[in-house]
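Residue numbers (the working numbering): 214 to 544.
Report on the following structure.
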Amino acid sequence: MSIDPTFGVLLPSREQVILGKLSMPELVDLARRAEELGFDSVWVGDSLVARPRLDPLIVLAAASTATSRVTLGTAALTPALRHPVIGASMISSLDHACGGRLTLGLGSGFPIPETEDEFGLVGAGFAGRAGRLDDITDLWRTAWHSGSDGAPADFAGRYWQATGLNRLPSPHRPGGPPLWLASSDTPKVLRRVARRYDGWLPFLPTADSYAAAWQSIVGLCAEAGRPADAVAPGLYATLTVNDDPEAARTELEDYVQRYYGRSLEAMMQIQAYGWGSAAACVQWLRGYLRAGARHVVIRIGSLDAVSQLERVGAELLPALRAVAGEPAVSL
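Pasting the structure below:
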């Protein structure tokens, strides 16, 4: 069965810190405007000190008051930065605040020294972080599935143990929000996605690499006895729109350097970046749609988020929807 693609936008919570202009009202206004422009979802990233920003769960709670239709998501939440029982309770509360419109993109932590320092700050082990993420999601699901019948629920994982999880408030959505793994395309990661998660949110630098990885996930789902539609195929992509491609690249280069402290050339080896005219950006994303992506999260590669949001909403969204019905590539 064909699934119409959806298109979301990342709210610039990190960019506010870079500019030294923290403003929750501005983020809420951008969420409202994204809904008005026709986006299907709004997303928020997560970090304490590695790439600081306002807390994503609180930002989404605020955004829920100004929106009624869009999905609200994290791209990506790092569960290890919060005690998992507190995290389970906060997410249940947020799910009620937004009326069940929540989707959680989850990450185990980007493998760079700044992230390792961030884990240490909260006393979280950086080694084995992928296993810790899986452990926390198992604990969350135990808590969220137990609340419906009130039966005692205990959890004994590799890294975490907890009792009495049935006493936590249940989420608005039975069983809790969908959990997507924000990740790369290594064989081990793809197996985890296929066996454990509700969605896949990669940032792969080429559509060809996306197509190969997605076909692998489909096959691994079948091997695991899961239905073909068990995993939602997402994409996290950064783009800058400007009719002058050189100016677009210059703006994107400045953005990446200030965001990561690394060059665009270096980051393009691991993440998806597009720039240029609206038509060029549509053509670039079209490759990922043909590769199987059906839930595109757009990070605006500019510190001028307001004008870029308007342009993406007015020019890219209609054109993307026009090509959205094309069939995915068969490998």
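For every residue, glycine included, the Cβ atom is placed at its ideal position computed from N, Cα and C.
Query, Result
"Across the stretch 312-321 and the stretch 391-405, are there enough close Cβ pairs to call them in contact, namely three or more that are closer than 8 Å?", "yes"
"Spatial neighbours of E228 within its chain, please: CB distance less than 7 Å, with the 5 preceding and 5 following residues excluded, ordered by chain position.", "L516, A518"
"Rounded to whole angstroms, what is the Cα-Cα separation between R354 and A244?", "28 Å"
"If we count Cβ pairs, one from each stretch, closer than 8 Å, do we get three or more for the stretch 412-422 versus the stretch 444-452?", "yes"
"A532: which of L498, A461, S520, A506 sits nearest, CA to CA?", "L498"
"Hey, G258 and A301: beta-carbon distance below 8 Å or not?", "no"
"Taking the beta carbon of A437 as the centre, do at least 16 other beta carbons fall within 10 Å, making it buried, or is it exposed?", "exposed"
"Using C-beta distances below 7 Å, list every residue in its chain close to Q374, excluding the 5 sequence neighbours before and after it, in chain order.", "F368"
"Closest to R503 by CA distance: which of Y486, T419, R524 is it?", "T419"
"Look at the alpha carbon of V222 and the alpha carbon of G389, and state the distance between them as a whole number of angstroms.", "23 Å"
"Can you list, in chain order, the residues of its chain whose CB lies under 8 Å from that of V495, leaving out five sequence neighbours each side?", "L529, A532, L533, V536"
"Enumerate, from N- to C-terminal direction, the unbroken alpha helix (DSSP H) stretches of 4 or more residues contained entirely within the stretch 256-329.", "269-277, 297-310"
"Note down, in chain order, each residue of its chain lying with its Cβ closer than 7 Å to the Cβ of D398, except the 5 sequence neighbours on either side.", "P415, L417, S422, A426"
"What residue ranges within the stretch 479-508 form continuous beta strand (DSSP E) runs of no fewer than 3 residues, ordered along the chain?", "485-489"
"Using only the alpha-carbon positions, how far apart do A340 and L403 sit?", "20 Å"
"Taking the alpha-carbon of I216 as reference, which of A485, S306, D442 has the nearest alpha-carbon?", "D442"
"Distance check for A343 and V335, CA to CA, integer angstroms please.", "17 Å"
"Measuring alpha carbon to alpha carbon, tell me which of G313, H296, L270 ends up nearest G338.", "H296"
"Go to T350, then tell me how far its beta strand (DSSP E) extends in each direction, as first and last residue.", "Per DSSP, T350 belongs to no beta strand (DSSP E); it is in the alpha helix (DSSP H), 342-359."
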